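Take 251 as the starting number for the sequence shown in the working numbering and just add one per residue. All C-beta atoms in this analysis are idealised placements derived from N, C-alpha and C, irrespective of residue type, glycine included. It should be emphasised that the depicted structure is a prediction, and the values quoted were computed from it without experimental measurement.
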Amino acid sequence: MSSPSKRRDMDVMKLMMSDYNVETINDGLNEFNVEFHGPKESLYEGGVWKIRVELPDAYPYKSPSIGFVNKIYHPNVDEMSGSVCLDVINQSWSPMFDLLNIFEVFLPQLLLYPNPSDPLNGDAASLMMKDRKQYDQKVKEYCERYAKKENIGNSTAEDESDEDITEDEGNASSDDDIAGHADP
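Written as structure tokens, this is what we have:
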């Protein structure tokens, strides 16, 4: 059996050789950002997110840490930190899974089939259950405002978009930085 570090290197290389744009952080393979496009025929279609991935030393036996860097409106994604509530990553992770599974299966399914009964974003979950049309509109507004391809490539994208944010939401920008902006 191969060592966890060998498996980690192989999985990261496999992801890099796929159609995903992968940007390593600190010249290592433990932390990186992946450009993720919203699934076709979903409210998130056309949106592009930077996903921060951190691999623990025990990967693949321990699950990776996954978070959205730019904002997304979804019941199972914390709006402030970008953390993802997804059983297959948080509780039922298996070494049978690899990084491609996350981007080709798990995240698309998360966006296609939100679970408002187990929310990280209570406002999104509540709105989804009470007024689906308004929820859909808010998802599209977030995609338009925060998930444009030209915005994820540079670290100033969120600074520019924060100008229009109300004071209540203004505190989010410093928390977003904690979620994982790469150093320029």
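| query | result |
| --- | --- |
| Cβ-based burial, Gly-297 [other Cβ within 10 Å; buried from 16] | buried |
| Inter-residue spacing [alpha-carbon to alpha-carbon] between Ser-331 and Lys-321 | 9 Å |
| Secondary structure, beta strand (DSSP E): runs of 3+ residues fully inside the region 314–389 | 315–318 |
| Where the beta strand (DSSP E) through Lys-264 begins and ends | Lys-264 -> not in any beta strand (DSSP E); alpha helix (DSSP H) instead, spanning 254–267. |
| Sequence-distant residues of the same chain with beta carbon closer than 6 Å to Asp-348, five excluded per side | Asp-261 |
| Beta strand (DSSP E) segment containing Glu-273, residue limits | 272–274 |
| Between the CA atoms of Lys-300 and Glu-281 - distance to the nearest angstrom | 13 Å |
| Proximal residues to Asn-283 (C-beta, below 8 Å), its chain only, five neighbours per side dropped | Val-272, Glu-273, Ile-275, Lys-300, Ile-301, Arg-302, Val-303, Val-319, Gly-430 and Ala-432 |
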